[in-house]
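Just so it is clear: in the sequence shown, position 63 is 63 by the numbering used here, and no numbers are missing.
No residue lacks a Cβ here, since even glycine has one placed at the ideal position from N, Cα and C.
Here is the structure we will look at, set down as structure tokens.
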Amino acid sequence: MFKILTLILSAGFLLSVQSADAQKKIERVSIGFYNLENLFDTVNDTTINDEEFLPEGGMKWTEEKYENKLKNMAYAISRIGDNVKNGHPVIMGVSEIENRKVLEDLIHTAPLSQQNWKIIHFNSPDRRGIDVALLYRSEYFMPTNIHPYPYHLKDRPNFKTRDQLLISGLLLDEKINIIVNHWPSRYGGELSSRPLRDSAAVLTRHISDSIMKDNPEAKIIIMGDLNDDPINESVHKFLNTTDSKNLKNDQLYNPMLTLFNKGMGSLAYRDQWNLFDQIIISPGLYKPKDNSLEFQKAFIYNEEFLKQQEGRYKGYPLRTHAGGAYLNGYSDHFPVFILLKRYVKN
Numbered sequence: 001m002f003k004i005l006t007l008i009l010s011a012g013f014l015l016s017v018q019s020a021d022a023q024k025k026i027e028r029v030s031i032g033f034y035n036l037e038n039l040f041d042t043v044n045d046t047t048i049n050d051e052e053f054l055p056e057g058g059m060k061w062t063e064e065k066y067e068n069k070l071k072n073m074a075y076a077i078s079r080i081g082d083n084v085k086n087g088h089p090v091i092m093g094v095s096e097i098e099n100r101k102v103l104e105d106l107i108h109t110a111p112l113s114q115q116n117w118k119i120i121h122f123n124s125p126d127r128r129g130i131d132v133a134l135l136y137r138s139e140y141f142m143p144t145n146i147h148p149y150p151y152h153l154k155d156r157p158n159f160k161t162r163d164q165l166l167i168s169g170l171l172l173d174e175k176i177n178i179i180v181n182h183w184p185s186r187y188g189g190e191l192s193s194r195p196l197r198d199s200a201a202v203l204t205r206h207i208s209d210s211i212m213k214d215n216p217e218a219k220i221i222i223m224g225d226l227n228d229d230p231i232n233e234s235v236h237k238f239l240n241t242t243d244s245k246n247l248k249n250d251q252l253y254n255p256m257l258t259l260f261n262k263g264m265g266s267l268a269y270r271d272q273w274n275l276f277d278q279i280i281i282s283p284g285l286y287k288p289k290d291n292s293l294e295f296q297k298a299f300i301y302n303e304e305f306l307k308q309q310e311g312r313y314k315g316y317p318l319r320t321h322a323g324g325a326y327l328n329g330y331s332d333h334f335p336v337f338i339l340l341k342r343y344v345k346n
């Protein structure tokens, strides 16, 4: 009879020795993304449009509300993946954050303060002052190169939005590349704003192609709030994604398409679910040619505590505000994450 030995090294990492004969172990690690829905502090920044989130602003954003938001988000992030074995992410992309200070406050809020989280962040020219960033646990991931890519439109030089953030580094001693996104919103209507997201997809594809040009087997993770579903042309056509197990030409693998086709979503609007929060991977991570990290499964973390429990919007994400009312919730988005695995010799 084979003996199975399982060692839990941390909340997000499993080491499993299958048998004495197999002489192999399975290592698993999780990576996630979360739109934090307007994580603003209460200090007026005259360089951005943050007036709504000030004590005298439209949201009456007080220090007490800010501290509640930090506690709620820290708790939610600490719970991501607790419904999946080894699902707690050790890398988290985030969006809708005002500045580095709010991230510092976040990682120093319990229970995140009990873990060793680090921050990668750049200020972007977004007109609302919101940025993307990466949080990571340094015992698992070591960044080696960081580069923000600005978003420019030749025919609309005054349009400002979030940079796309490329972080390259070593995850469990394997090189990996992560692109964190928050594509332009659907403000003004999906059709009229569509070219903005198509252009964002072209930029993301340019970044990933430049990496794969140097190394066709490169492991790339594209994550973010894309403000489009997996079936929209920005994702399907311009980013060139599929959920087919047989990737063709230069396609990227999008596991979120399978979830979307099952009727699952990360946010709801007008009684319709959307899956704007996506994690997309390169062929080198979907089907590696060696015993290195590979994709295992994608998830939407939509546990009950993140949902409204009653009323017309029962089951929707429990937001911080809705219709101008303060709900003291989490976010209008559910977080998403993927699980990676590899087999190594014992």
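Bounds of the beta strand (DSSP E) holding Tyr149 are Phe141 to Tyr149.
Comparing alpha-carbon positions, the option among Ile26, Ser30 and Lys25 lying closest to Lys297 turns out to be Ser30.
In the three-state reduction of the DSSP assignment, Tyr286 falls in the helix class, which pools H, G and I.
Taking 8 Å as the cut-off, the Cβ atoms of Tyr343 and Lys24 count as close. Annotation: Leu340 is outside any alpha helix (DSSP H); the continuous beta strand (DSSP E) that includes it extends over Val336 to Lys345. Following the DSSP letters along the chain, one finds Ala298 in no alpha helix (DSSP H) but inside the beta strand (DSSP E) bounded by residues Glu294 to Ile300. The secondary-structure analysis by DSSP pairs His152 with nothing; it has no beta-bridge partner.
For Asp105, the uninterrupted alpha helix (DSSP H) run begins and ends at Arg100 to Ile107, by DSSP. Distance between Lys307 and Asn274, taken at the CA atoms: about 15 Å.
In the DSSP annotation of this structure, the continuous segment of the beta strand (DSSP E) that includes Arg137 starts and ends at Asp131 to Arg137.
In the DSSP annotation of this structure, the continuous segment of the alpha helix (DSSP H) that includes Asn261 starts and ends at Met256 to Asn261. The DSSP-derived three-state label of Arg162 is coil. In the three-state scheme derived from DSSP, where H, G and I count as helix and E and B as strand, Ser168 is classed as strand. When Asn99, Asp290 and Ile279 are compared, the shortest CA-CA separation from Ile300 is found for Ile279. Nearest Cα to Glu63 within the set Asp50, Asp41, Lys71 and Asn232: Asp41.
Residue pairing from DSSP places Asn177 in a beta bridge opposite Ser168 and Ile220. Glu303: not part of any alpha helix (DSSP H); DSSP gives it neither H nor E. Using a 10 angstroms sphere on the CB of Val43, the tally of other CB atoms stays under 16, which defines it as exposed. Bridge pairing for Thr204: absent [DSSP]. The Cβ-Cβ distance between Asn177 and Leu166 falls below 8 Å.
Between Thr109 and Lys154, the CB-CB gap reaches or exceeds 8 Å. Contact check between the segment 277–294 and the segment 212–228: three or more CB pairs, one atom from each, fall below 8 Å, which counts as touching. A Cβ-Cβ contact shorter than 8 Å links Arg162 with His182.
Secondary structure note for Met73: its alpha helix (DSSP H) is the uninterrupted segment Glu63 to Arg79.
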